[in-house]
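Okay, so the sequence shown: first residue is 411 according to my numbering, each after it adds one.
Quick reminder that beta carbons are idealized off the backbone N, C-alpha and C, glycines included.
Please read all numbers here as calculations on a predicted model, not as lab measurements.
Below: one structure, written as structure tokens.
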Amino acid sequence: MDPTFGIFNNFSSQDWVRIVFGIVSLIPLTYSYRIVKQIKMSEYRIIFLIWVGQSVGPLSTPFLRQTGTVLSWQIRTSITLWIVYLLLIHAYQILEKKNQFKVKLIWIAGLVYTITLQVMILFWRSMEQTESKELFWKREAHPNLIGEGAGLSHNDVIIYSTGHALLREILTIFVFIVLLYAYWTVKPPQNTDKIKTATRLWKIAIVSIAINILITDWLWRFTEIQSNDGTIVGFIGIFLIAVITIFYSEAFLLSYTQISKVAELYYLTDQFNSATISFSSPAIDILRYVEEISEKLKTEK
411 MDPTFGIFNN FSSQDWVRIV FGIVSLIPLT YSYRIVKQIK MSEYRIIFLI WVGQSVGPLS
471 TPFLRQTGTV LSWQIRTSIT LWIVYLLLIH AYQILEKKNQ FKVKLIWIAG LVYTITLQVM
531 ILFWRSMEQT ESKELFWKRE AHPNLIGEGA GLSHNDVIIY STGHALLREI LTIFVFIVLL
591 YAYWTVKPPQ NTDKIKTATR LWKIAIVSIA INILITDWLW RFTEIQSNDG TIVGFIGIFL
651 IAVITIFYSE AFLLSYTQIS KVAELYYLTD QFNSATISFS SPAIDILRYV EEISEKLKTE
711 K
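As structure tokens, this is what we get:
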């Protein structure tokens, strides 16, 4: 038998669930890419990257289990780590910048913390060979854990262990709190039924992705919840983002700060005519929405 196809024979039912969900979640990405390509705005790029990472990560896991190297697992772990940081950036973009210094301090601190964890992933094996491992928190053995602590190993080589997992939990919980605060305090510039519905979908989607990370990186170590359960919860979030992208694309801009950025980007503050700009749907729908809000801001001055 061809060894390439023999890999598939070793896949478990959970592996196939990951593959199916991964492929399905990638299909609507083409629609999102059209927005990213036409509207040069970081909000769309960030969501696009979260979408790709949340889809490709679980999709690659079954293959890495069969043929992966330590480096490939480190890359896989790093993808998840940077998704957490991108969620923090997403929250930062939504928050109203009334206190610019404090808000900016949030994502700068998150970046430093994330880079530190990234270094730990790449150099964990050498750290494990030193007395530095004594500095990290040890936990009692659990069926889902490796050795005395928690983490990930491949061919008996530790990719990351208890110390990294604990520090990453702190970052994840912090990002989770910031996300909740951002989405529950944001005041959309329009309160139409469409925007209200999209805002609710956003809240569910973001919480689903955050819970996915918490399950696979935290709850998983204290309960019998398996990582595959977290994957399914995470794909609920990706599915809802796909719904928003296709049917509520203007709802990517939930705050006045975001609206102003697009308005300035396309000189909408002074003059704008969406019919004269060579954009296609959904980008043109977004720009028309920005035009409408810009006119509203002018009349309120």
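The residue among I651, I485 and Y502 with its C-alpha nearest the C-alpha of S452 is Y502.
Contact annotation: R444 and T471 have beta-carbon atoms that are not nearer than 8 Å.
The Cβ-Cβ distance between V446 and F458 falls below 8 Å.
Of the other Cβ atoms in all chains shown, 16 or more fall within 10 Å of the Cβ of V588; this residue is therefore buried.
In the three-state scheme derived from DSSP, where H, G and I count as helix and E and B as strand, L697 is classed as helix.
The segment 646-660 and the segment 479-496 do not touch, with fewer than 3 CB-CB distances between them shorter than 8 Å. Around the beta carbon of F533, fewer than 16 other beta carbons sit within 10 angstroms, so the residue counts as exposed.
Within 10 angstroms of the beta-carbon of I525 lie fewer than 16 other beta-carbons, which makes it exposed. Across the set S665, F657 and L527, the C-alpha of L527 shows the shortest separation from the C-alpha of E579. For I456, the CB contacts under 8 Å within the same chain, skipping 5 residues up- and downstream, are L496, I499, H500 and Q503 in chain order. Rounded to the nearest whole angstrom, the CA to CA distance from A592 to L505 is 5 Å. Residue A608 holds the alpha-carbon nearest to the alpha-carbon of L664 among I619, I583, L515 and A608.
When DSSP states are grouped into helix, strand and coil, Y658 belongs to the coil group. At the C-beta level, I433 and L474 stay beyond 8 Å of one another. Taking the CA atoms as reference points, I605 sits about 45 Å from T479. For the 8 Å CB-CB criterion, S618 and I646 form a contact.
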